[in-house]
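Contents: one structure, followed by commentary.
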Amino acid sequence: MDARLNLFADPTTGKAFKHLMAAGKVIKDSALPAATQELVSLRVSQINACAVCIDMHTKEATAAGETPVRLHLVAAWREATVFTEAERAALELAEEGTRTADGAGGVSDEVWGRVAKHYDEGELNALVLLIALMNLANRINVITQQPGGTYEAGQFH
Numbered sequence: 023m024d025a026r027l028n029l030f031a032d033p034t035t036g037k038a039f040k041h042l043m044a045a046g047k048v049i050k051d052s053a054l055p056a057a058t059q060e061l062v063s064l065r066v067s068q069i070n071a072c073a074v075c076i077d078m079h080t081k082e083a084t085a086a087g088e089t090p091v092r093l094h095l096v097a098a099w100r101e102a103t104v105f106t107e108a109e110r111a112a113l114e115l116a117e118e119g120t121r122t123a124d125g126a127g128g129v130s131d132e133v134w135g136r137v138a139k140h141y142d143e144g145e146l147n148a149l150v151l152l153i154a155l156m157n158l159a160n161r162i163n164v165i166t167q168q169p170g171g172t173y174e175a176g177q178f179h
């Protein structure tokens, strides 16, 4: 599979990606736990079928010490016993925040209430930004058919 566009070759896109990467770095350096960030990034990417992002976040999580069992179970997190209540709340928010077209009301008050029990305001801000940024990256990569499989941990960070 070949990508439709080289997103880094175009000056405008290249400049925009520098800003997106800088925003990602701010989120990465936030108080939101790194494991939660990778699990959420992976789940959003699974929902959006973004191969390059699934590849990236699986490898980044592995390099950060995440276990294969937890990574394999992200797609079925509701039935898995390996996630904390906080991680489960973040994954639920990620799903509702990603599937906004599927739910008439967007993110429900119940889901927001569950996630707000586990994260402070700064972490919630980072989590919301992460979900939005991942959806943006997924859509760019899916539209342009960016292939997965060649990412190396640390390549973009």
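Numbered according to my numbering, the sequence shown spans residues 23 to 179.
The beta-carbon is built from N, C-alpha and C at its ideal position, and this holds for glycine as well.
At least 8 Å separates the beta-carbon of V48 from that of P169.
Secondary structure within the segment 63 to 143: the alpha helix (DSSP H) runs of 4 or more consecutive residues, fully enclosed, are 73 to 85, 90 to 95, 107 to 120, 131 to 138 (chain order).
Here L115 really is in contact with V137; their C-beta atoms are around 5 Å apart, less than 8 Å. Excluding its 5 nearest sequence neighbours in each direction, C72 has C-beta neighbours in its own chain below 7 Å: N160, N163, V164, listed in chain order. DSSP places E60 within a helical segment (H, G or I) once states are collapsed to three. Ranked by Cα distance from R26, the first of T172, G171, E174, Q167 is Q167. Sequence-distant Cβ neighbours of F105 in its own chain, meaning closer than 6 Å and more than five residues away, are W99.
With distances taken between CA atoms, L152 lies nearest to A44 out of D24, L93, A44.
Assignment of M43 by DSSP, reduced to helix, strand and coil, places it in the helix class. In the three-state reduction of the DSSP assignment, E174 falls in the coil class.
Per DSSP, reduced to three states, the secondary structure at M23 is coil, with no helix or strand assignment. Contact annotation: T120 and V66 have beta-carbon atoms nearer than 8 Å.
Excluding residues up to 5 positions away in sequence, A56, A57, E60 lie with their Cβ nearer than 8 Å to the Cβ of A86 in the same chain.
If the five residues before and after G46 are omitted, its C-beta is found closer than 7 Å to the C-beta atoms of L155, all from its own chain and listed in chain order. The shortest C-alpha to C-alpha distance from D142 to any of A31, T34, N28, L54 is the one to L54.
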